[in-house]
Each structure stands twice: as structure tokens, then as C-alpha cells.
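Student: The structure is given below, and queries will be raised subsequently.
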Amino acid sequence: MRIFRFVGLFLTILAMAALGFEFTQALITQDWNILTLGELWFKIDPQSINISQAGIQRHLAPWLWEPVITSILLCPCWLIFGSLGFCFIWIGRRKLRQKRWFR
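If you want the working numbering, it's the 1-based position in the sequence shown plus 43.
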């Protein structure tokens with residue numbers, strides 16, 4: 044369970060960093076531009092996004108890329124990282140011991 048919390052904290056820190064990047068860019072350019080997940084992925088490795096699209100459309104299901112994955116890639120990356128981070132933290136939470144009233 045500790046690994047889930049670690050991954051969740053890492054993703055939450057990535058979400059805060061992405062939001063901070065958007066905020067500093069907005070201060071510099073005086074215009075708020077949302078950093079989408081697809082744009083971030085393209086900045087990191089542009090070839091892998093094309094390879095992933097081709098692989099998913101050819102080997103898994105062609106309908107999976109267009110409505111599902113493209114809508115996820117068009118979301119702000121801080122929203123995706125933050126929601127995944129909170130889900131991992133929630134999964135890895137410690138279960139509280141239930142207080143026994145009768146022994």
C-alpha cells in the first residue's frame with residue numbers, strides 16, 4: 044500500500060508543477076494557455092504519441108483512440124495527474140482500526 048501512496052504523491056506533485064507552469068506562463072505572456080496532456084506528451088517525445096496512436100488503432104480497437112484517448116489527451120495535464128494522484132492516494136490509504144465497543 045505504501046507504493047500506491049508514493050505514486051499518488053508523485054502524481055500530485057506533477058499536477059502542482061504543471062499548474063505552476065501554466066501560472067508562470069500566464070504571468071509572462073498575460074494570456075492563460077492550458078497545457079494539455081497531449082501537448083506535454085508531444086513536447087517530451089513526439090514520435091511516441093504517433094506510434095501509440097498507430098498501435099492502438101491497428102492492434103486494439105480503432106474506436107478507442109478517437110473518442111476516448113483523444114478526449115483524455117485534450118484535458119489539462121494538471122487535472123489528469125491530480126485526479127490520478129488522489130485516486131492512488133485513496134487506494135493506498137491506511138485502514139483505520141475500528142474501535143470495538145464490546146470485547
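Backbone N, C-alpha and C fix where the C-beta goes; we use that ideal spot for every residue, glycine too. Note that the coordinates shown come from a computational prediction; the quantities given were computed from them, not determined experimentally.
Rounded to a whole number of angstroms, what is the C-alpha to C-alpha distance between TRP108 and PHE85?
Tutor: Their Cα atoms are separated by approximately 16 Å.
Student: Would you call the CB atoms of PHE129 and LEU57 closer than 9 Å?
Tutor: Taking 9 Å as the Cβ cut-off, PHE129 and LEU57 do not qualify as a contacting pair.
Student: Name the two residues that bound the continuous alpha helix (DSSP H) containing PRO123.
Tutor: With the sequence shown as reference, residue 123 is identified as Ile, and Pro is not the correct amino acid for it. Counting along the chain, the alpha helix (DSSP H) containing ILE123 begins and ends at 120–134.
Student: Could you check how far apart the C-beta atoms of LEU80 and ILE115 are, in whole angstroms? I think they sit under 8 Å.
Tutor: Right, the Cβ-Cβ distance comes to about 7 Å (below 8 Å), so this counts as a contact.
Student: How big is the Cα-Cα spacing for ARG137 and ARG48?
Tutor: When rounded, the distance between both Cα atoms is 10 Å.
Student: Tell me, to the nearest whole angstrom, how far the beta carbon of LEU54 is from that of LEU127; I am working on the premise that it is less than 8 Å.
Tutor: Contact holds; Cβ gap of about 5 Å.
Student: Hey, how far is the Cα of GLN100 from the Cα of GLN90?
Tutor: Approximately 16 Å, taken between the alpha carbons.
Student: Would TRP121 and GLU65 be called neighbours here (beta carbons separated by less than 9 Å)?
Tutor: Cβ distance < 9 Å, so TRP121 and GLU65 count as in contact.
Student: Look at PRO119 and LEU52 and say whether their C-beta atoms are less than 9 Å apart.
Tutor: Against a cut-off of 9 Å, the Cβ pair of LEU52 and PRO119 comes out as no contact.
Student: Whole angstroms is fine: what's the gap from TRP75's alpha carbon to ILE92's?
Tutor: Near 25 Å, if we compare the C-alpha coordinates of ILE92 and TRP75.
Student: Considering only residues of the same chain and omitting the five flanking positions on each side of VAL50, which have a CB-CB separation below 6 Å?
Tutor: Taken in chain order, the residues that qualify are PHE131.
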